[in-house]
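In the numbering used here, the protein residues as written are 41 to 212. We put the beta carbon where it would ideally sit given N, CA and C, even for glycine. Keep in mind it's a predicted model, so treat the numbers as computed, not measured. Read through the structure below, which is laid out as structure tokens, and then see the notes.
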């Protein structure tokens, strides 16, 4: 029996990507990942497939995340839109940080991941379309996660701007 991968038709890309989103909603990221890889096999620069694949990989972050994290970073780096590239790269760092917290990793190994997430969210905030507060919402989620850690916190008097001033967005 032939067990080779089969190629989907270009005309089926839109329907396939809708299925990939649905599988992510159903918490079946491996299925979404497989579909996105099928799309990318025939359209290597499909931005929606790249984004969905990267998100599907981050949905799977757990004890063995280093390979998936590195791949998600590489995939998000292929996004053409600077805002999307910054935002989704930040999301990868945030999710990696949260996965490491779940594993009870020491703060010294987790904090740099959150610092990178915050730097990318700060960059995305400057690039965001009008009315899009997603980078701010993710920023605040990271800060609240960090504030909830024992022995860690941001002074109540410290503003978002003062905190953000410590982070220089990565150069591309």
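Asked                                                                                                                    : Found
Alpha-carbon to alpha-carbon, residue 48 and residue 160                                                                 : 35 angstroms
Proximity of residue 79 and residue 57 at Cβ, strictly below 8 angstroms                                                 : yes
For residue 134, the nearest candidate out of 149, 120, 118 and 41 (CA to CA)                                            : 149
Under 8 angstroms between C-beta atoms of residue 119 and residue 95                                                     : no
Whole-number beta carbon distance between residue 185 and residue 144, since they are thought to touch under 8 angstroms : So it is not a contact: roughly 14 angstroms between Cβ atoms.
Simplified DSSP state of residue 48, which is helix, strand or coil                                                      : coil
Beta-carbon spacing of residue 178, residue 130 below 8 angstroms                                                        : yes
Pair within 8 angstroms by beta-carbon distance, residue 136 and residue 158                                             : no
Per-residue burial, residue 214 [other beta carbons within 10 Å of its own, 16 or more giving buried]                    : Since the displayed the chain opens at 41 and closes at 212, residue 214 lies outside it and no answer follows.
Burial state of residue 73, where buried means 16 or more other Cβ atoms lie within 10 Å                                 : buried
Ranges of the alpha helix (DSSP H) found wholly within the segment 111–147, counting only runs of at least 4             : 122–142
Sub-8 angstroms separation of residue 69 and residue 100 beta-carbons                                                    : yes
Extent of the continuous alpha helix (DSSP H) run through residue 60                                                     : 53–65
Residue 140 versus residue 54 - alpha carbon distance                                                                    : 35 angstroms
Simplified DSSP assignment, three categories, for residue 169                                                            : coil
Extent of the continuous alpha helix (DSSP H) to which residue 84 belongs                                                : Run containing residue 84: none; DSSP gives neither H nor E here.
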